[in-house]
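>
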Amino acid sequence: MIRIAVIDDHELIRHGLEYLLHRHEDLQVVLRGSSVGDLRGFDAGYDVLILDLYLAEDRPCLAAVKELSAVTRVLIVSASGRPADVLAAIRCGANGYVTKDAPSELIVAAVRTVAAGGFYLSAGLADILQSELDDDTRPPAAADGSGNGEDGSEGGSEGDARPRLSAREEETLSYIAQGFTHAQVGRRMGVSKATVDTYVERIRAKLQVGNKAELTRAALNRLERRDRP
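Using the numbering used here, the first residue of the sequence shown is number 6, and each one after it goes up by one.
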(Lines of atoms letter the chains of each structure in order from A; the text may use other names.)
(Lines give C-alpha, C1' and ligand atoms only; values in the text may rest on other atoms or scores of the structure.)
Protein backbone atom coordinates (compact mmCIF):
# COMPACT_ATOMS: atom_id res chain seq x y z
CA MET A 6 0.00 0.00 0.00
CA ILE A 7 1.31 3.43 -0.98
CA ARG A 8 0.31 6.03 1.60
CA ILE A 9 -0.18 9.55 0.26
CA ALA A 10 -0.52 13.01 1.78
CA VAL A 11 -2.19 15.72 -0.30
CA ILE A 12 -1.55 19.41 0.31
CA ASP A 13 -3.50 21.84 -1.88
CA ASP A 14 -5.26 25.08 -0.99
CA HIS A 15 -8.31 24.19 -3.13
CA GLU A 16 -10.77 21.84 -1.44
CA LEU A 17 -12.11 20.59 -4.77
CA ILE A 18 -8.62 19.50 -5.86
CA ARG A 19 -8.00 17.72 -2.55
CA HIS A 20 -11.24 15.77 -2.78
CA GLY A 21 -10.72 15.08 -6.48
CA LEU A 22 -7.26 13.61 -5.91
CA GLU A 23 -8.48 11.50 -3.03
CA TYR A 24 -11.35 10.16 -5.13
CA LEU A 25 -9.01 9.39 -8.02
CA LEU A 26 -6.39 7.64 -5.90
CA HIS A 27 -8.80 5.64 -3.74
CA ARG A 28 -10.05 3.89 -6.86
CA HIS A 29 -6.78 1.94 -6.86
CA GLU A 30 -6.26 -0.75 -4.24
CA ASP A 31 -2.56 0.01 -3.79
CA LEU A 32 -3.07 3.74 -3.13
CA GLN A 33 -4.41 5.36 0.03
CA VAL A 34 -4.70 9.04 0.94
CA VAL A 35 -3.93 9.25 4.65
CA LEU A 36 -3.87 13.05 5.00
CA ARG A 37 -5.47 16.00 3.25
CA GLY A 38 -4.58 19.60 4.07
CA SER A 39 -4.64 23.13 2.70
CA SER A 40 -1.19 24.15 3.93
CA VAL A 41 2.18 22.66 4.78
CA GLY A 42 1.40 23.33 8.41
CA ASP A 43 -1.22 20.59 8.29
CA LEU A 44 1.60 18.06 8.04
CA ARG A 45 2.92 18.95 11.49
CA GLY A 46 2.02 16.51 14.19
CA PHE A 47 0.94 13.80 11.74
CA ASP A 48 2.74 10.73 13.01
CA ALA A 49 1.13 7.97 10.94
CA GLY A 50 3.60 8.56 8.11
CA TYR A 51 3.22 8.59 4.33
CA ASP A 52 5.26 7.51 1.32
CA VAL A 53 4.52 10.32 -1.14
CA LEU A 54 3.54 13.93 -0.62
CA ILE A 55 1.45 15.48 -3.40
CA LEU A 56 2.08 19.21 -3.12
CA ASP A 57 0.63 22.17 -4.98
CA LEU A 58 3.41 24.59 -5.91
CA TYR A 59 1.32 27.71 -5.23
CA LEU A 60 -0.45 27.63 -1.87
CA ALA A 61 -2.67 30.70 -1.49
CA GLU A 62 0.25 32.89 -2.57
CA ASP A 63 1.57 34.38 -5.79
CA ARG A 64 4.97 32.80 -5.20
CA PRO A 65 5.93 29.12 -5.46
CA CYS A 66 6.51 27.41 -2.10
CA LEU A 67 10.07 26.45 -2.99
CA ALA A 68 11.36 26.64 0.57
CA ALA A 69 8.76 24.07 1.59
CA VAL A 70 9.68 21.84 -1.37
CA LYS A 71 13.33 21.93 -0.32
CA GLU A 72 12.57 21.22 3.33
CA LEU A 73 10.06 18.43 2.70
CA SER A 74 12.05 16.69 -0.03
CA ALA A 75 14.81 16.13 2.50
CA VAL A 76 12.53 13.87 4.55
CA THR A 77 10.00 12.44 2.07
CA ARG A 78 9.31 11.99 -1.64
CA VAL A 79 7.56 15.01 -3.14
CA LEU A 80 5.39 15.03 -6.25
CA ILE A 81 4.39 18.49 -7.44
CA VAL A 82 0.88 18.66 -8.95
CA SER A 83 0.41 22.22 -10.09
CA ALA A 84 -1.62 24.35 -12.49
CA SER A 85 1.65 25.98 -13.55
CA GLY A 86 3.53 24.44 -16.44
CA ARG A 87 6.05 27.25 -16.72
CA PRO A 88 9.55 25.89 -17.34
CA ALA A 89 10.95 28.22 -14.68
CA ASP A 90 8.64 26.71 -12.04
CA VAL A 91 9.49 23.16 -13.10
CA LEU A 92 13.21 23.86 -13.03
CA ALA A 93 13.03 25.55 -9.63
CA ALA A 94 10.95 22.79 -8.04
CA ILE A 95 13.25 20.04 -9.28
CA ARG A 96 16.33 21.94 -8.18
CA CYS A 97 14.77 22.10 -4.71
CA GLY A 98 14.48 18.31 -4.65
CA ALA A 99 11.03 17.48 -6.06
CA ASN A 100 10.88 13.89 -7.31
CA GLY A 101 8.29 14.62 -9.97
CA TYR A 102 6.18 17.34 -11.54
CA VAL A 103 2.75 16.94 -13.14
CA THR A 104 0.33 19.62 -14.27
CA LYS A 105 -3.26 19.53 -13.08
CA ASP A 106 -4.57 19.14 -16.61
CA ALA A 107 -2.74 15.81 -17.00
CA PRO A 108 -4.90 12.73 -17.57
CA SER A 109 -5.84 10.91 -14.37
CA GLU A 110 -3.91 7.79 -15.32
CA LEU A 111 -0.71 9.83 -15.61
CA ILE A 112 -1.16 11.25 -12.13
CA VAL A 113 -1.56 7.71 -10.80
CA ALA A 114 1.53 6.61 -12.74
CA ALA A 115 3.46 9.56 -11.33
CA VAL A 116 2.53 8.63 -7.74
CA ARG A 117 3.61 5.04 -8.24
CA THR A 118 6.86 6.02 -9.95
CA VAL A 119 7.81 8.51 -7.25
CA ALA A 120 6.88 6.06 -4.49
CA ALA A 121 9.15 3.46 -6.09
CA GLY A 122 12.09 5.85 -5.96
CA GLY A 123 11.88 7.10 -9.53
CA PHE A 124 11.44 10.48 -11.16
CA TYR A 125 8.36 11.53 -13.15
CA LEU A 126 7.81 14.44 -15.51
CA SER A 127 4.50 14.72 -17.37
CA ALA A 128 4.69 14.49 -21.14
CA GLY A 129 3.59 18.06 -21.81
CA LEU A 130 6.35 19.43 -19.59
CA ALA A 131 8.88 17.06 -21.12
CA ASP A 132 8.02 18.39 -24.58
CA ILE A 133 8.53 21.99 -23.47
CA LEU A 134 11.82 21.22 -21.77
CA GLN A 135 12.94 19.05 -24.68
CA SER A 136 12.54 22.05 -26.99
CA GLU A 137 14.62 24.18 -24.64
CA LEU A 138 17.24 21.45 -24.26
CA ASP A 139 17.39 20.98 -28.04
CA ASP A 140 18.35 24.64 -28.35
CA ASP A 141 20.95 24.16 -25.64
CA THR A 142 22.54 21.16 -27.35
CA ARG A 143 23.19 22.89 -30.66
CA PRO A 144 26.97 23.41 -30.76
CA PRO A 145 28.15 27.01 -30.98
CA ALA A 146 29.94 27.98 -34.15
CA ALA A 147 33.71 28.23 -33.86
CA ALA A 148 35.71 31.07 -35.32
CA ASP A 149 36.23 29.10 -38.52
CA GLY A 150 32.52 28.30 -38.76
CA SER A 151 32.84 24.71 -37.57
CA GLY A 152 30.86 23.20 -34.72
CA ASN A 153 31.34 20.46 -32.19
CA GLY A 154 32.28 17.02 -33.40
CA GLU A 155 31.08 13.61 -32.28
CA ASP A 156 34.46 13.02 -30.72
CA GLY A 157 33.56 15.21 -27.76
CA SER A 158 35.65 18.22 -28.77
CA GLU A 159 33.07 20.78 -27.73
CA GLY A 160 33.15 24.46 -28.43
CA GLY A 161 32.28 27.14 -25.95
CA SER A 162 34.07 29.93 -24.20
CA GLU A 163 36.74 29.48 -21.62
CA GLY A 164 34.47 31.31 -19.20
CA ASP A 165 31.79 28.59 -19.40
CA ALA A 166 32.07 26.86 -16.02
CA ARG A 167 29.76 23.99 -16.94
CA PRO A 168 31.36 20.58 -17.48
CA ARG A 169 31.64 20.07 -21.21
CA LEU A 170 29.58 17.33 -22.84
CA SER A 171 29.66 16.23 -26.45
CA ALA A 172 26.60 16.88 -28.60
CA ARG A 173 25.57 13.22 -28.32
CA GLU A 174 26.01 13.27 -24.55
CA GLU A 175 23.83 16.39 -24.32
CA GLU A 176 21.20 14.67 -26.44
CA THR A 177 21.33 11.60 -24.22
CA LEU A 178 21.00 13.75 -21.11
CA SER A 179 17.94 15.51 -22.52
CA TYR A 180 16.19 12.17 -23.08
CA ILE A 181 17.14 10.98 -19.60
CA ALA A 182 15.52 14.15 -18.24
CA GLN A 183 12.25 13.05 -19.84
CA GLY A 184 12.32 9.67 -18.09
CA PHE A 185 13.23 7.46 -21.04
CA THR A 186 15.04 4.20 -20.39
CA HIS A 187 18.44 3.58 -21.95
CA ALA A 188 16.86 1.26 -24.53
CA GLN A 189 14.29 3.92 -25.47
CA VAL A 190 17.00 6.55 -25.75
CA GLY A 191 18.98 4.27 -28.03
CA ARG A 192 16.02 3.79 -30.38
CA ARG A 193 15.46 7.54 -30.60
CA MET A 194 19.13 8.25 -31.25
CA GLY A 195 19.62 5.32 -33.62
CA VAL A 196 22.30 3.68 -31.47
CA SER A 197 22.50 0.56 -29.31
CA LYS A 198 21.62 0.45 -25.62
CA ALA A 199 25.29 -0.32 -24.92
CA THR A 200 26.28 2.94 -26.60
CA VAL A 201 23.75 4.83 -24.49
CA ASP A 202 25.16 3.13 -21.39
CA THR A 203 28.58 4.44 -22.38
CA TYR A 204 27.25 7.97 -22.91
CA VAL A 205 25.54 7.89 -19.49
CA GLU A 206 28.68 6.70 -17.74
CA ARG A 207 30.63 9.55 -19.33
CA ILE A 208 27.94 12.04 -18.30
CA ARG A 209 27.94 10.78 -14.73
CA ALA A 210 31.70 11.06 -14.54
CA LYS A 211 31.76 14.57 -16.00
CA LEU A 212 28.84 15.91 -13.95
CA GLN A 213 29.64 13.83 -10.85
CA VAL A 214 26.09 12.50 -10.45
CA GLY A 215 24.75 9.06 -9.67
CA ASN A 216 21.13 8.01 -10.07
CA LYS A 217 18.50 8.95 -12.65
CA ALA A 218 16.97 11.70 -10.52
CA GLU A 219 20.38 13.37 -10.19
CA LEU A 220 20.92 13.08 -13.95
CA THR A 221 17.52 14.72 -14.53
CA ARG A 222 18.34 17.58 -12.21
CA ALA A 223 21.71 17.98 -13.90
CA ALA A 224 20.01 18.37 -17.30
CA LEU A 225 17.58 20.94 -15.99
CA ASN A 226 20.28 22.79 -14.08
CA ARG A 227 22.30 23.14 -17.27
CA LEU A 228 19.27 24.59 -19.02
CA GLU A 229 18.63 27.00 -16.15
CA ARG A 230 22.25 28.24 -16.17
CA ARG A 231 22.00 28.87 -19.90
CA ASP A 232 18.88 31.02 -19.41
CA ARG A 233 20.39 33.19 -16.68
CA PRO A 234 21.20 36.75 -17.81
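Note that beta-carbon positions come from the ideal geometry of N, C-alpha and C, so glycine has one too.
Starting from the Cα of residue 123, find the closest Cα among 90, 80, 8, 178 and give me that residue.
Among 90, 80, 8, 178, the Cα nearest to that of residue 123 is on 80.
> Taking only the alpha-carbon atoms, compute the straight-line gap between residue 78 and residue 100 and give it to the nearest angstrom.
Roughly 6 Å separates the two Cα atoms.
> How far does the alpha helix (DSSP H) with residue 189 in it extend, from its first residue to its last?
Taken as a continuous stretch (DSSP letters only), the alpha helix (DSSP H) holding residue 189 covers 187-194.
> Could you check the C-alpha separation between residue 45 and residue 73 for me, to the nearest Å?
Residue 45 and residue 73: Cα-Cα distance of roughly 11 Å.
> Just to confirm the assignment: which complete beta strand (DSSP E) runs, minimum length 3, are found wholly within the segment 18-104?
Counting only runs of 3 or more, we get 32-38, 53-56, 78-83, 101-104.
> For residue 206, does the three-state DSSP call read helix, strand or coil?
If DSSP states are grouped into helix, strand and coil, residue 206 belongs with the helices.
> Can you give me the C-alpha to C-alpha distance between residue 201 and residue 126, rounded to a whole angstrom?
One C-alpha to the other measures close to 21 Å.
> Inspect the CB distances between the segment 167-177 and the segment 186-200 and report whether three or more fall short of 8 Å.
The segment 167-177, when compared against the segment 186-200, does touch it at the 8 Å Cβ threshold.
> Taking just the CA atoms, how far does residue 71 sit from residue 105?
Between residue 105 and residue 71, the C-alpha separation is close to 21 Å.
> Using only CA atoms, which one of 54, 48, 189 lies nearest to residue 7?
The shortest C-alpha separation from residue 7 is found at 54.
> With C-beta atoms as the reference, is residue 52 less than 8 Å away from residue 18?
No. Outside cutoff.
> How long is the line joining the alpha carbons of residue 58 and residue 85, rounded to whole angstroms?
C-alpha separation (whole angstroms): 8 Å.
> Can you look up residue 217 in the DSSP assignment and give me helix, strand or coil?
Note: residue 217 maps to helix in three-state DSSP.
> Could you tell me if residue 76 is buried or exposed, where buried requires 16 or more neighbouring beta carbons within 10 angstroms of its beta carbon?
Result: exposed.
> Quick one: Cα of residue 37 to Cα of residue 43, how far?
Cα to Cα, the separation comes out at about 8 Å.
> Can you tell me whether residue 118 is buried or exposed? The criterion is at least 16 other CB atoms within 10 Å of its CB, across all chains shown.
Result: buried.
> Suppose you measure from the CA of residue 226 to the CA of residue 92; what does that come to, to the nearest Å?
C-alpha separation (whole angstroms): 7 Å.
> Between the Cα of residue 82 and those of 49, 64, 116, 89, spot the shortest distance and give me the residue it belongs to.
For the residues 49, 64, 116, 89, the minimum Cα distance to residue 82 belongs to 116.
> Just reading off the alpha helix (DSSP H) that residue 8 is part of, what are its end residues?
No alpha helix (DSSP H) holds residue 8; the beta strand (DSSP E) holding it covers 7-12.
> Per DSSP, residue 126 forms a beta bridge with which residues?
Its beta-bridge partners are 102.
> Are the beta-carbon atoms belonging to residue 39 and residue 14 less than 8 Å from one another?
It is a contact, given that the beta carbons lie within the stated cut-off.
> Going by the CB atoms, is the gap between residue 188 and residue 221 shorter than 8 Å?
Taking 8 Å as the Cβ cut-off, residue 221 and residue 188 do not qualify as a contacting pair.
> Please return the same chain residues whose Cβ sits closer than 7 Å to the Cβ of residue 31, not counting the five positions on each side in sequence.
Around residue 31: 6, 7.
> Where residue 23 and residue 169 are concerned, what is the direct C-alpha to C-alpha distance, given to the nearest angstrom?
So the two alpha carbons sit approximately 45 Å from each other.
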